[in-house]
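Each step along the sequence shown adds one to the number in the numbering used here, with nothing skipped, and position 113 is 1386. Glycine included, C-beta positions come from ideal geometry on N, C-alpha and C. What follows is one structure encoded as structure tokens, with my remarks underneath.
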Amino acid sequence: MKHVIAFDISMGKSYMVVYNALKKCQLEKEIAHNRPGFMDLKKLIDDLIEGYDEQPHIVFESTGVYSRTLERFMQENNYSYCLLNPLEAKLQCDSLRIHKTDRSDAHRLALTHFTHERRIETDSNDVYRQLKRLSRHYSELDDELSVTRSRLHKVVQETFPELENIFTTKSELFLNVVQLYPHPDLVLNHSKTIIKNRILANTNKRMAVNKAEEK
């Protein structure tokens, strides 16, 4: 390989380094994840391709939503690249004795690229690429949902813990009832008929009246 370009990605920007075949850093700079920033990056990559008749090796770490913008740029311009998961990047980069700074991760990714075999992401078909994006998005949403449910559980345990014994905590009905009656004192303010009707009105399922009365 003649050149390696590595990125340390953060929100809305990346710190980029360019290394040559002698493992010497030729360029390091910050690029914004916007149109002007990506135009400059494209010119840099295309100039290296034209000058050396070879695409530089490109490597960066998958950081969820932050890295997706850079990944999309690579795909739209048909650049091959190596996308590392965070654990893989840490295990490979920890072997280098480089003083840890905010900008050292890009240097570590570039230097370890000379000694590690990394899987190259190519321009896969649109359906497969979309499935991968959806899968990552689903995982992120699922993680957020787990955190939200945990927080809700702690709050309900302090205010109205009996609700979790009456309703399935993952159901829409449970969430609706928590909003209607976040504290048992609110239940005492309504008659049995009003409570039953409010439960029936806040479920999409065709709950039988006697079932609602049991609740």
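Asked: Residue span of the alpha helix (DSSP H) that contains Gln1452, given as start and end; Found: 1445-1453
Asked: Residues of its chain near Thr1432, where Cβ-Cβ distance is below 7 angstroms and the 5 sequence neighbours each way are ignored; Found: Pro1455, His1456
Asked: Contact belief for Met1284 with Glu1301 at Cβ below 8 angstroms, rounded distance in angstroms; Found: About 19 angstroms; that fails the 8 angstroms criterion.
Asked: Residues of its chain near Thr1466, where Cβ-Cβ distance is below 6 angstroms and the 5 sequence neighbours each way are ignored; Found: none
Asked: Pairwise C-alpha distance: Phe1440 and Ala1481; Found: Residue placement at Ala1481 cannot be trusted, given a pLDDT of 48 that sits under 50; what the coordinates show is reported in the next sentence. Going by the C-alpha atoms only, they are around 15 angstroms apart.
Asked: Supposed close pair Cys1355, Ile1331 - CB separation, criterion 8 angstroms; Found: 7 angstroms
Asked: Spatial distance of Arg1391 from Arg1341 (CA atoms); Found: 19 angstroms
Asked: C-alpha gap between Asp1313 and Ser1423, whole angstroms; Found: 44 angstroms
Asked: Secondary structure of Thr1342, DSSP reduced to three states; Found: helix
Asked: Exposure label - Thr1421; buried when at least 16 CB within 10 Å; Found: exposed
Asked: Cβ neighbours of Leu1446 in the same chain (closer than 7 angstroms, five flanking residues each side left out); Found: Phe1440, Asn1475, Thr1476
Asked: Residues of its chain near Lys1275, where Cβ-Cβ distance is below 6 angstroms and the 5 sequence neighbours each way are ignored; Found: Ala1294, Tyr1325, Glu1327
Asked: Residue span of the alpha helix (DSSP H) that contains Asp1378, given as start and end; Found: 1377-1385
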